[in-house]
Amino acid sequence: VSTVSYTIKRHLETGGNSDRKRSGRPKATTESEDKFLRVNSLRDRRLLTGQQLQAQLNTGRSKQVSFSTVKRLRAAGLTGHRVAVRKPLLRWQNKKKRLAWAMKHRQWTTEDWKKVLWTDESKFEIFGSSRRVFVHRRVGERMVPRCVTPTVKHGGGSVMVWGSFAGSRVGDLHRVSGTLNQNGYHSILQRHAIPSGICLVGQGFILQQDNDPKHTSRLCQNYLRRKEQDGRLQIMEWPAQSPDLNPIELVWDELDRRVKAKQPTSATHLWELRQRCWEELSEQYLISIVERMPRVYSAKGG
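Residues 4 to 305 in my numbering are what the sequence shown spells out, letter by letter.
Have a look at this one:
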């Protein structure tokens, strides 16, 4: 009877039978402490973990706040345990050149990008992996400078290779012995780069290469200009400090994951696995990289 009476009374008072709002469990933190969590998470994204935020908040508090309470910083739109994007450390002049380069190619379609032979050298280690840095960030802040780990170009490893791809197919993969100088790179252009470009794209393909000193040496530049005049290829102008614009970097990462999963035991074994995995890269995977280029370049111009 009491339940029926209460239901009728609630209907008369509220005009409905839905449950009323309950007060719930009292918050463990004040509004100012919530603001402290949000501000400090945004101020020092790379260094402060959830546990460190918890320790700072509990300093001087008689009633300690749990880690789960601290995790409410996600209410500010932040997401923890995101790996900081690795991006070249750029000077103002380099940013300006990158923007100009992106503007020049902003109208390119996927068909245009398929005509580019992407090239690069890379060193690989038998063991070891790069240390990852985690950050807190909001949606859409992946490339915000404070959420990015600056890098400078460097190498390291036991096997160095030169490789290329265009469209949906890979070109040559060449193992570099010793230190690669301008003479060695000139030989790669003759024996691997140009033959791969003609095979994958055809006469007049677009050759991409970075601004490494051996690439820009007089010997190699004069050779490429002659080939350009003959209509064999076109040379793509490349902005400095921009390995992140080169999609072959994604191919190197994928290749590295596949090879390390097979646990190479020596430099020779590492090279054999790389050759095998290189040939196993699917057309679907490679073309997916090319198809994402228009939006990638619009985001990475600076």
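A virtual CB, placed ideally from N, CA and C, is assigned to each residue, including glycine.
(request) Please classify Q212: does DSSP put it in a helix, a strand, or coil? (result) Here the question's residue 212 lines up with position 209 in the sequence shown. Here Q212 sits in coil by DSSP.
(request) Could you check the C-alpha separation between E114 and T182 for me, to the nearest Å? (result) If you number the sequence shown from 1, residue 114 lands on position 111. If you number the sequence shown from 1, residue 182 lands on position 179. Roughly 36 angstroms separates the two Cα atoms.
(message) Could you tell me which whole beta strand (DSSP E) segments of length 3 or greater appear in the segment 145 to 196?
(response) 151 to 154, 162 to 169 and 172 to 179
(message) Give me the DSSP bridge partner(s) of V119.
(response) Working through the sequence shown from its first residue, we reach residue 119 at position 116. DSSP, once it has assigned bridges, lists I209 as partnering V119.
(request) Note the first and the last residue of the continuous beta strand (DSSP E) segment covering Q237. (result) In the sequence shown, the residue the question calls residue 237 occupies position 234. Looking at the DSSP string, the run of the beta strand (DSSP E) that includes Q237 is L236 to I238.
(request) With a threshold of 16 other CB atoms inside 10 Å of the CB of K230, please say whether the residue is buried or exposed. (result) On the sequence shown, position 227 is the one that residue 230 refers to. Buried is the call here.
(message) Under DSSP, the alpha helix (DSSP H) around N2 begins and ends at which residues?
(response) Any property of residue 2 remains undetermined from this structure, which presents the chain solely from 4 to 305.
(message) Taking its Cβ as the centre, do 16 or more other Cβ atoms sit within 10 Å of H14, making it buried, or is it exposed?
(response) One-based indexing of the sequence shown puts residue 14 at position 11. Label assigned to H14: exposed.
(message) Do V254 and L284 count as a contact pair if the criterion is CB distance below 8 angstroms?
(response) One-based indexing of the sequence shown puts residue 284 at position 281. One-based indexing of the sequence shown puts residue 254 at position 251. Closer than 8 angstroms, so yes.
(message) So, at 8 angstroms on beta carbons, what are the nonlocal neighbours of Q311 in its own chain, with the 5 sequence-adjacent residues on each side left out?
(response) As shown, the chain starts at 4 and ends at 305. That puts residue 311 outside it, with no answer to give.
(message) Going by DSSP, what residue range makes up the alpha helix (DSSP H) through K66?
(response) As a first step, residue 66 is located in the sequence shown; it is residue number 63 there, counting from the start. Run containing K66: none; DSSP gives neither H nor E here.
(request) Below 8 angstroms on the Cβ atoms is my guess for K126 versus V162; work out the distance and round it to an integer in Å. (result) The residue labelled residue 126 in the question sits at position 123 within the sequence shown. The residue labelled residue 162 in the question sits at position 159 within the sequence shown. Their Cβ separation, rounded to whole angstroms, is 7 angstroms, which keeps K126 and V162 in contact under 8 angstroms.
(request) Grab the span of the alpha helix (DSSP H) containing A103 for me, first residue to last. (result) Residue 103 sits at position 100 when you count from the first residue of the sequence shown. Here the alpha helix (DSSP H) through A103 covers W95 to K107.
(request) Please classify S199: does DSSP put it in a helix, a strand, or coil? (result) Counted from its first residue, the sequence shown places residue 199 at position 196. Correct three-state label for S199: helix.
(request) Go ahead and pull the three-state DSSP assignment for S220. (result) As a working note, residue 220 is residue 217 in the sequence shown. It is coil, neither helix nor strand.
(request) Using only alpha-carbon positions, find the residue among Q237, E128, A169 and T10 that is nearest to H272. (result) For the purposes of this step, residue 272 is taken as residue 269 along the sequence shown, with counting starting at 1. Of Q237, E128, A169 and T10, the residue nearest in Cα terms is E128.
(request) Please say whether D123 and N249 have beta carbons closer to each other than 8 angstroms? (result) Mapped onto the sequence shown, residue 249 falls at position 246. Mapped onto the sequence shown, residue 123 falls at position 120. A contact, by the Cβ cut-off of 8 angstroms.
(request) Look at V3 and Q55 and say whether their C-beta atoms are less than 8 angstroms apart. (result) The question about residue 3 has no answer here: the residues shown for the chain are numbered 4 through 305.
(request) In angstroms with no decimal places, state the Cα-to-Cα distance between S291 and G200. (result) Stepping through the sequence shown from its first residue, residue 291 is reached at position 288. Stepping through the sequence shown from its first residue, residue 200 is reached at position 197. So the two alpha carbons sit approximately 19 angstroms from each other.
(message) In whole angstroms, give me the CA-to-CA distance for D233 and V138.
(response) Along the sequence shown, read from residue 1 onward, the residue named residue 233 stands at position 230. Along the sequence shown, read from residue 1 onward, the residue named residue 138 stands at position 135. D233 and V138: Cα-Cα distance of roughly 51 angstroms.
(request) Compute the distance between the beta-carbons of H195 and W165, then report whether it is under 8 angstroms. (result) For this step, residue 195 is matched to residue 192 along the sequence shown. For this step, residue 165 is matched to residue 162 along the sequence shown. A contact, by the Cβ cut-off of 8 angstroms.
(message) Buried or exposed for P216, going by 16 or more other Cβ atoms inside 10 Å?
(response) In the sequence shown, counting from the first residue as 1, residue 216 sits at position 213. With fewer than 16 Cβ atoms within 10 Å of its Cβ, P216 is classed as exposed.
(request) State buried or exposed for I197, treating a residue as buried only when at least 16 other CB atoms are found within 10 Å of its CB. (result) For the purposes of this step, residue 197 is identified with residue 194 of the sequence shown, where counting begins at 1. With 16 or more other Cβ atoms within 10 Å, it is buried.
(message) Can you tell me whether V147 is buried or exposed? The criterion is at least 16 other CB atoms within 10 Å of its CB, across all chains shown.
(response) As a first step, residue 147 is located in the sequence shown; it is residue number 144 there, counting from the start. Under this definition V147 is an exposed residue.
(message) In whole angstroms, give me the CA-to-CA distance for F39 and R145.
(response) As a first step, residue 39 is located in the sequence shown; it is residue number 36 there, counting from the start. As a first step, residue 145 is located in the sequence shown; it is residue number 142 there, counting from the start. Roughly 23 angstroms separates the two Cα atoms.
(request) Closer than 8 angstroms by C-beta to L60: which residues in its own chain qualify, once you throw out the five before and the five after it? Chain order, please. (result) Here residue 60 refers to the residue found at position 57 when the sequence shown is read from its first residue. T32, E36, F39, L40, V68 and V73, listed in sequence order.
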